[in-house]
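Heads up: the sequence shown begins at 11 in this note's numbering, then just goes up one per residue. Idealized CB from N, CA, C, for every residue including glycine. For reference, the structure discussed in these notes is given below.
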Amino acid sequence: MIPFNVPYVPEISKQYALEALESDYQQGDGPFTTKASKSVSDLVGGGHILLTPSCTHALEMASMLASIGPGDEVILPSFTFTSAATAVTKFGATPVFVDIEMQTKGIDANQVREAITPRTRAISWVNYAGVAPDIEALQSIAKEFNLLLIEDNAHGLGGSYKGKPLGSFGDFATQSFHATKNIQCGEGGALVINNVKYIDRAEVIREKGTNRSRFIRGEVQKYEWVDQGSSYLLAEVLSAILYGQLLEFSRIQNDRLGSWNAYSNYFMDSYNLKFNEMQVAHMFFIELQTEKERARVIDELKSAEVYSSFHYSSLADSKFSDYMGFPKSLTPISSEFSKTILRLPLWFGMGPENVTSVLNALEKVQPQTI
Ligand SMILES: Cc1ncc(COP(=O)(O)O)c(C=O)c1O
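As structure tokens, this is what we get:
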């Protein structure tokens, strides 16, 4: 049986988890959080890191920091995870869906420009599969219209765009350490703050609206309620697991890249996301001709005990978006891609034998790719 994903837990993570559990410090922002935050910061180009219970929470923090509320609009790609949209709707604002580019599968900057209204507050995009869209164009639109940039880098830790680390481009970027990600602690995330003027308020929002972070640093004598907030800290035991993973970052990436390259070499003539940037080997996908064909391939692979997967449904086509009547541009590329993408198994320690077994099973199934 070849699973779709197998979360990796290095020995060092187990040791650190035990150390955290046996210590007197179990809540958030302890010694392991400090170390893990520094490692994440190094990988994303030096931004200020606040570890969170998930990427979803980090996206919500970004909305709060951007003071996004009723009457405001945020432009999003239709092909992304629901959390990017719920982080907008949770605060009463309106998501405006635009299409993705054929090549990068990321947000189409031309459509972003067309979707701007006087109510637009931010552009939120995802570096899908660790590949950036045209970030330079997004930056210039943001400058022209005075908008904030929210970079969902859940897939892209260690990746790059024009030689600079992914996660360094948005005013806010977000990371996920969910069990399905390259670096994982079960559930976890990070907010990366690249625009320093938001750091103080972010600390307050994350600490239930209090200035507790300043109190811990000895800057105030007692902490009190000063702003909006919630509880967005990652418990120390999860930070300990995360730190162990981060110490093995290169090993994890290289191992995954071995499997990714093997897939990529095999599908040489098919479409692949291959750019002159750092490949993060988070996922490998192919595109089939129709949704029906994809269902057939998933089923037949499953009969051969190989587990493959679809990915996001296009948000503009969702029941909830229809129900709410959210505005949308035409998003045919997102609709088509969400129906035809097929993700292949990819995990640390998969090894060449398992990759060969997946490819052999695929050969028998004869997928009709585009
Ligand atoms: C692009 C993207 N953003 C955000 C998330 C949500 O991450 P989390 O589960 O850490 O909240 C996911 C989940 O897979 C994702 O793919």
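query, result
"Between S93 and ligand 1, is there a pair consisting of the residue's CB and a ligand heavy atom that are separated by less than 7 Å?", "yes"
"When the distance is taken between beta carbons, is C195 closer than 8 Å to L252?", "yes"
"Starting from E32, follow the alpha helix (DSSP H) in both directions and report where the run begins and ends.", "E21 to E32"
"Mind checking K374: buried by the 16 CB within 10 Å criterion, or exposed?", "exposed"
"For A72 versus I133, is the C-beta distance shorter than 8 Å?", "no"
"Can D237 be considered in contact with ligand 1, in the sense that its beta carbon sits closer than 7 Å to one or more heavy atoms?", "no"
"Using 7 Å as the cut-off, classify the Cβ of T66 as near or not near the heavy atoms of ligand 3, replying yes or no.", "Within the structure as shown, ligand 3 is missing, the only ligands being ligand 1."
"Which runs of the alpha helix (DSSP H) fall wholly inside the region 181-227 and span at least 4 residues, in chain order?", "209-216 and 222-226"
"Considering only residues of the same chain and omitting the five flanking positions on each side of L244, which have a CB-CB separation below 7 Å?", "G38, T43, L61, T62, P63 and G198"
"Whose C-beta lies closer than 7 Å to the C-beta of K174 among residues of the same chain, with five residues either side of it excluded?", "G55"
"Ligand 1 and S186: does any heavy atom of the ligand fall closer than 7 Å to the residue's C-beta?", "yes"
"To which residues of the same chain is P362 closer than 8 Å at the C-beta, ignoring the five residues directly before and after it?", "G268, S269 and A272"
"Who are the Cβ neighbours of H58 in its own chain at under 6 Å, not counting the five residues just before and after it?", "I203 and I209"
"In three-state DSSP terms, what is I110?", "strand"
"Any contact between the region 289-305 and the region 339-355? By contact I mean 3 or more CB pairs, one from each, below 8 Å.", "yes"
"Taking the Cβ atom as the reference point for each residue, do G168 and M11 lie within a distance shorter than 8 Å?", "no"
"Taking the C-alpha atoms as reference points, what is the distance between S280 and Q121?", "Annotation note: pLDDT 48 at S280 (below 50); position unreliable, coordinate value reported separately. Straight-line Cα distance between these residues: approximately 27 Å."
"Using beta-carbon positions only, say whether R211 and L75 come within less than 8 Å of one another.", "yes"
"So is the beta-carbon of A72 under 7 Å away from any non-hydrogen atom of ligand 1?", "no"
"What is the residue span of the alpha helix (DSSP H) that E234 lies within?", "Run containing E234: none; DSSP gives neither H nor E here."
"Just to check my reading of the structure: N114 and P87 have Cβ atoms closer than 8 Å, yes? What is that Cβ distance to the nearest angstrom?", "Position check: residue 114 holds Thr in this sequence, whereas Asn was assumed. Between P87 and T114 the Cβ distance is about 10 Å, and since that is not below 8 Å, they are no contact."
"I'd like to know if the region 219-231 and the region 100-109 are in contact, where contact means that at least 3 CB-CB pairs between them fall below 8 Å.", "no"
"Please classify V206: is it buried, with 16 or more other beta-carbons within 10 angstroms of its beta-carbon, or exposed?", "exposed"
"Taking T62 as part of the beta strand (DSSP E), name the residues at either end of that continuous run.", "H58 to T62"
"Quick one: is G140 buried, meaning 16 or more other Cβ sit within 10 Å of its Cβ, or exposed?", "buried"
"Considering only the alpha carbon of each residue, which of F358, D181 and T220 lies closest to A68?", "D181"
"Just to confirm, are V236 and G219 a CB contact at a threshold of 8 Å?", "yes"
"Quick one: what's S241 bridged to in DSSP?", "E217"
"In this structure, what does DSSP give as the bridge partners for T96?", "None, per the DSSP bridge assignment."
"One question on the structure: do F386 and R216 come within less than 8 Å of each other, judged by their Cβ atoms?", "For residue 386 there is no data in the structure shown, the boundaries of the chain being 11 and 380."
"Indicate, with yes or no, if ligand 1 has a heavy atom lying under 7 Å from the CB of T350.", "no"
"Just to confirm, are S324 and T300 a CB contact at a threshold of 8 Å?", "no"
"Our contact map puts D82 next to R123 with C-beta atoms below 8 Å; I'd like the distance itself, whole angstroms only.", "Actually they are not in contact, since the Cβ atoms of D82 and R123 sit about 18 Å apart, beyond 8 Å."
"From the DSSP secondary-structure annotation, give me the bridge partner or partners of I160.", "S134 and F182"
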